[in-house]
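Residue numbers (my numbering): 258 to 683.
Heads up, the beta-carbon is just placed ideally off N, CA and C, and yes, glycines get one too.
Report on the following structure.
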Ligand code: CTP
Ligand code: MG
């Protein structure tokens, strides 16, 4: 047996980079999908097939090198998509040009692997909904056995062998059959050698494991997943889109429920992420101390109001409540409720955040624009952002501007604050 046994090869990262390389082939034209553009660049539930395909790779526990193989005229676009999917890990990404056949595309990908890669996974971008757990299973089995590894599903249809004129010759025992998917994993050197031999002999195969097995190496199967189906036809694309926009169905298919991992969809699930807006205006008062953006401003003119007049805090409260569909500051607290006479902005903020949490939401971020001549905000911006951030339990950013002497803010009669909030269901 030609197996190379390397017990922990798949888990190490050496000075030469990660020990695992993932080649994602995305250079096909997508003839059967018929979208008029290469399949990987077709839009699916608000992002591209390619972006969906890359998302699970960047959720792997251990770092990998990712080689993305794309059509020659799509390299720039692929770099952008790849970097977006990779985030801070974008130095793990390489984009190369594919060939006229899938096999040539894989060969180009193999040539771009870094020196440290010992185990290589080859994956079809067209299997865009493949769960991370499937990648992990394949990597684990490759490390354990040192063999070729393919994810596979039992065949559910009865299979007939037919002759040239479509006459049934026999029924094949389906218990022995498996439908194979990607990613498929192989020891790098042995796969490269198998591809070279195939290229010399002009041998073609429909998957990488066939070439690898033809070179005399053993291949084992691990459990595949219904979600890893290949998007080939418009029907498949429609099915994938439906699964992406109905997360519960996709989770069930992708066996994600027991992984504790977030959904593989980079598209926000409907109703999960919500945005809100709030505005508040207060006039300057004759006397008193200014409270604005959660801070006291000794020596500055106070703002008038039933409470402390903190327009920034009040605009944030409205933005938060609006995002969660919980009404507004007036309907929640009552604008002239005597209990809130002179109350600090923090009181309203804490109460609003509590209501949000009770409704199942967390704050993703809050952004505020303050409009007014006074106080000069910039020197205390960071202080205000950190006080308000602690109150809402998420990042708060505040910008301040004047209105070129125009309007009531320009005449110095008062201030306006506009806030937006992004919240997410837990
Ligand atoms: N592929 C590739 N280079 C090629 C052909 C295919 O990288 N010359 C990739 C595809 O982008 C796809 C995977 O191989 O991710 C599986 O191929 P397939 O589903 O057949 O995609 P296409 O070849 O693009 O589609 P079609 O056969 O309908 O044209
Ligand atoms: Mg094809």
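Three-state secondary structure (DSSP) of residue i
i	result
residue 487	coil
residue 445	helix
residue 383	coil
residue 315	helix
residue 537	strand
residue 492	helix
residue 676	strand
residue 411	strand
residue 670	coil
residue 518	Confidence is the limiting factor: at residue 518 the pLDDT is only 43, short of 50, which leaves the residue's position unreliable and the question unanswerable from this model.
residue 428	strand
residue 468	helix
residue 378	strand
residue 525	Its pLDDT being 47, under 50, residue 525 is placed unreliably in this model, and the value from its coordinates should be taken loosely. If DSSP states are grouped into helix, strand and coil, residue 525 belongs with coil.
residue 555	strand
residue 391	helix
residue 364	helix
Distance, residue j Cα to residue i Cα
i	j	result
residue 327	residue 310	13 Å
residue 345	residue 677	26 Å
residue 565	residue 632	16 Å
residue 338	residue 466	28 Å
residue 679	residue 350	30 Å
residue 298	residue 459	30 Å
residue 541	residue 638	20 Å
residue 483	residue 619	32 Å
residue 440	residue 314	10 Å
residue 393	residue 317	7 Å
residue 406	residue 470	11 Å
residue 555	residue 319	53 Å
residue 683	residue 573	20 Å
residue 657	residue 634	7 Å
residue 340	residue 333	11 Å
residue 590	residue 597	8 Å
residue 587	residue 498	41 Å
residue 366	residue 661	57 Å
residue 476	residue 425	30 Å
residue 448	residue 276	15 Å
residue 579	residue 321	42 Å
Same chain only: Cβ atoms within 8 Å of residue i, ignoring 5 sequence neighbours per side
i	result
residue 415	428 and 431
residue 673	536, 537, 538, 568, 627, 628, 629 and 666
residue 640	552
Closest Cα partner of residue i within the set the options
i	options	result
residue 628	557, 637, 297 and 664	664
residue 436	284, 302, 595 and 409	409
residue 403	444, 297 and 391	444
residue 347	538, 533, 482 and 324	324
residue 647	606, 635, 543 and 617	606
residue 546	601, 623 and 383	601
residue 358	376, 381 and 660	381
residue 281	544, 305, 378 and 534	378
residue 295	636, 304 and 284	284
residue 543	396, 321 and 560	560
residue 235	321, 304, 360 and 292	In the structure as shown, the chain begins at 258 and stops at 683. Residue 235 is therefore absent and cannot be evaluated.
residue 199	476, 578, 563 and 617	There is simply no residue 199 to check, as the chain begins at 258 and stops at 683 in what is shown.
residue 478	396, 463, 418 and 457	396
residue 481	502, 419, 384 and 418	384
Same chain, Cβ closer than 6 Å to residue i, neighbours up to 5 away in sequence not counted
i	result
residue 413	none
residue 645	551 and 653
residue 369	324, 351 and 353
residue 576	533, 534, 535, 676, 677 and 678
residue 530	681
residue 289	489 and 490
residue 455	468
residue 624	654 and 677
Nonlocal neighbours in the same chain, by C-beta distance under 7 Å from residue i, ignoring five residues either side
i	result
residue 362	282, 284, 326, 355 and 356
residue 548	565, 566, 567, 601 and 602
Considering only heavy atoms of the ligand CTP, list every residue whose Cβ is less than 7 Å from one of them, following chain order.
Listed along the chain, these residues meet the criterion: 282, 283, 284, 285, 286, 287, 288, 289, 290, 295, 296, 297, 326, 355, 356, 357, 358, 359, 361, 362, 381, 382, 383, 487 and 489.
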